[in-house]
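Heads up: the sequence shown begins at 416 in our numbering, then just goes up one per residue.
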Amino acid sequence: MKPARFDYQRPRDLPEALSLLGKASHSSKIIAGGQSLGPLLNLRLVEPELIVDISALAELKVAERRGDELVLGACITHADIEDRRVPDVTRGAMQKIAADIAYRAVRNRGTLGGSLGHADPAADCISALAEFGARLTLRSSAGTRLVDIDNFIVSALESAIRPGEIIETIHVPALPASAQWGYFKSCRKTGEYAHAIAAVVIDPPAGTARLVIGAIEAAPIVVKEPFELFGGRIAGDYKERFDPCVADAILARAGIADAAQRHIHVNVLKRAIRGAAA
Ligand SMILES: Cc1cc2nc3c(=O)[nH]c(=O)nc-3n(C[C@H](O)[C@H](O)[C@H](O)COP(=O)(O)OP(=O)(O)OC[C@H]3O[C@@H](n4cnc5c(N)ncnc54)[C@H](O)[C@@H]3O)c2cc1C
Numbered sequence: 416m417k418p419a420r421f422d423y424q425r426p427r428d429l430p431e432a433l434s435l436l437g438k439a440s441h442s443s444k445i446i447a448g449g450q451s452l453g454p455l456l457n458l459r460l461v462e463p464e465l466i467v468d469i470s471a472l473a474e475l476k477v478a479e480r481r482g483d484e485l486v487l488g489a490c491i492t493h494a495d496i497e498d499r500r501v502p503d504v505t506r507g508a509m510q511k512i513a514a515d516i517a518y519r520a521v522r523n524r525g526t527l528g529g530s531l532g533h534a535d536p537a538a539d540c541i542s543a544l545a546e547f548g549a550r551l552t553l554r555s556s557a558g559t560r561l562v563d564i565d566n567f568i569v570s571a572l573e574s575a576i577r578p579g580e581i582i583e584t585i586h587v588p589a590l591p592a593s594a595q596w597g598y599f600k601s602c603r604k605t606g607e608y609a610h611a612i613a614a615v616v617i618d619p620p621a622g623t624a625r626l627v628i629g630a631i632e633a634a635p636i637v638v639k640e641p642f643e644l645f646g647g648r649i650a651g652d653y654k655e656r657f658d659p660c661v662a663d664a665i666l667a668r669a670g671i672a673d674a675a676q677r678h679i680h681v682n683v684l685k686r687a688i689r690g691a692a693a
């Protein structure tokens, strides 16, 4: 199939893009890398009157360390991260995760902002950014607001973006020196979206951890105080203390009724925890 007719604009700067998106008379869609929007247009699952191509906006390609966080523009591609063309504050975690997304051709064009905007729960960067506790700057002609990643994904393919808003930047906090990270995903075929993702940051000296269970057909489950999973405390022996029965109960409480699905997610979580390293 071919897309329905649409107007196309390629603004030169962010204010021009926001002005185009803010025009209430248009049903408009942003396009960045086009890796998700392209198929949706071709299948006529979306039929916008106007497409605003943000791929030329220099403001959305920033990549700089500001204090103890990394600020990445929404048009940074997965390949930019994979190839280390941007700084890293996660000790290689984001690079490794980006390199395992889909195929190189997809990574060359697919952007962080596009992955977040599309809000597919199986997208790697949604679980990864939840793992690190990232925040997003959303900008419209009316101003900006900063949203925690935990509040950004509302449900499958639904995010907190309001009409006329654009994801401008993603703020990734630096991983503490004592923290360890782990990431594991289960895919039916290499290069395909995962059907289970687990992403963990565990800091034994600080006694803290943040666990993310993703690709669950809803917003990822973020466990910010997972003490019960480790027998009540996070310490150096956390890998041995991990209790799969407690993980299963957390997933059941979160509404995953199918025991087979829970089994897959628990084992993916176990592997992410086992693989966690500094
Ligand atoms: C074959 C294939 C396999 C894939 N496998 C994986 C995988 O395993 N893991 C994974 O994580 N991803 C996977 N992807 C997705 C891919 O990695 C892209 O990140 C994703 O398609 C979106 O990026 P994009 O820049 O192409 O967005 P687009 O397709 O341009 O846009 C996607 C959506 O986001 C909106 N949008 C784009 N930019 C912004 C912005 N700055 N602000 C607000 N809204 C915005 C658009 O309006 C649209 O609704 C796969 C894609 C393909 C085609």
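For glycine and all other residues, C-beta sits at the position ideal for the given N, C-alpha and C.
None of these values were measured; they are calculated from a predicted model.
Pick helix, strand or coil for residue i, following the three-state DSSP scheme.
i, result
"proline 659", "helix"
"serine 555", "strand"
"histidine 586", "strand"
"leucine 684", "helix"
"valine 461", "coil"
"serine 601", "strand"
"isoleucine 573", "Per the sequence presented here, residue 573 reads as glutamate, with isoleucine not at that position. DSSP places glutamate 573 in strand when its eight states are reduced to three."
"leucine 472", "coil"
"alanine 609", "coil"
"glycine 579", "coil"
"valine 521", "helix"
"arginine 689", "helix"
"arginine 677", "helix"
"aspartate 503", "coil"
Got a sec? Which residues, its chain only, sit under 8 angstroms from residue i by beta carbon, not counting five neighbours each side?
i, result
"arginine 501", "Sequence inspection shows valine at residue 501; the arginine mentioned does not correspond to that position. Taken in chain order, the residues that qualify are Ala478, Leu485, Leu487, Ile491, Asp495."
"proline 619", "Ser593, Gln595, Ile649, Ala650, Gly651, Tyr653"
"arginine 506", "Leu590, Trp596, Ala693"
"alanine 667", "Arg677"
"glycine 622", "Arg648, Ile649, Ala650"
On the DSSP letters alone, give me the boundaries of the alpha helix (DSSP H) that residue i sits inside.
i, result
"glutamine 510", "508–514"
"alanine 529", "Position check: residue 529 holds glycine in this sequence, whereas alanine was assumed. Glycine 529 -> alpha helix (DSSP H) spans 527–533."
"arginine 481", "Unbroken run through arginine 481 is the beta strand (DSSP E), 478–481; no alpha helix (DSSP H)."
"aspartate 495", "493–497"
"leucine 433", "429–437"
"valine 486", "Run containing valine 486: none in the alpha helix (DSSP H); it sits in the beta strand (DSSP E), 484–488."
"serine 542", "539–547"
Given residue i, which residues of its chain have a CB within under 6 angstroms of its CB, disregarding the five upstream and five downstream residues?
i, result
"proline 463", "Phe421, Ser442, Ser443, Lys444"
"isoleucine 516", "His493, Arg522, Asp539"
"isoleucine 636", "Ile628, Ala669"
"glutamine 424", "Leu435, Val467"
"leucine 572", "Ala534"
"glutamine 450", "Val521, Arg524, Gly525"
"leucine 455", "Val461"
"isoleucine 671", "Arg677"
Which residue's Cα is closest to the Cα of residue i: the options?
i, options, result
"valine 615", "Leu527, Leu590, Arg603", "Leu590"
"glycine 532", "Ser574, Gly548, Leu551", "Ser574"
"serine 556", "Glu546, Ser542, Gly579, Val637", "Gly579"
"glycine 606", "Val661, Leu456, Ile512", "Ile512"
"alanine 534", "Gln510, Arg506, Gly558, Ser570", "Ser570"
"histidine 680", "Asp563, Glu640, Ala630", "Ala630"
"alanine 675", "Gln450, Gly548, Ala611", "Ala611"
"isoleucine 582", "Lys476, Ala692, Arg427", "Lys476"
"arginine 625", "Ala633, Val638, Ala613", "Val638"
"leucine 553", "Ala633, Asn457, Gly528", "Gly528"
"leucine 561", "Ala543, Ile585, Ile541, Glu546", "Ile585"
"lysine 604", "Ile541, Tyr518, Ala508, Arg481", "Tyr518"
"arginine 577", "Gly558, Asp565, Val587", "Gly558"
"alanine 634", "Met416, Ser542, Leu433", "Ser542"
"tyrosine 608", "Gln450, Gly647, Ala537", "Ala537"
"cysteine 602", "Pro659, Gly525, Val683, Ser530", "Val683"
"proline 426", "Ser470, Gly448, Arg524", "Ser470"
"alanine 473", "Ile665, Leu429, Ile671", "Leu429"
"lysine 417", "Ala549, Ala489, Asn457", "Asn457"
"aspartate 498", "Val504, Ala514, Asp483, Ala508", "Ala514"
"valine 568", "Glu632, Gln510, Glu655, Val661", "Before going on, a small fix: residue 568 reads as isoleucine here, not valine. Comparing Cα positions, the closest option is Glu632."
Along the chain, where does the beta strand (DSSP E) that runs through residue i open and close?
i, result
"isoleucine 445", "443–446"
"isoleucine 568", "568–570"
"aspartate 422", "422–424"
Looking at the C-beta of residue i, does it have a partner C-beta in chain C at a distance below 8 angstroms?
i, result
"leucine 472", "Chain labels in this structure do not include chain C; a single protein chain is all it has."
Can you find the residues in the same chain that come closer than 7 angstroms, C-beta to C-beta, to residue i, ignoring five residues on each side of it along the sequence?
i, result
"phenylalanine 657", "Leu644, Phe645, Lys685, Ile688"
"proline 695", "Absent from the model: residue 695. The displayed extent of the chain is 416 to 693, so no value can be given."
"leucine 460", "none"
"glycine 690", "Gly597, Phe599"
"alanine 419", "Arg459, Glu462"
Beta strand (DSSP E) runs wholly inside the stretch 617–670, at least 3 long, in chain order: 623–629, 636–638, all fully within the stretch 617–670.
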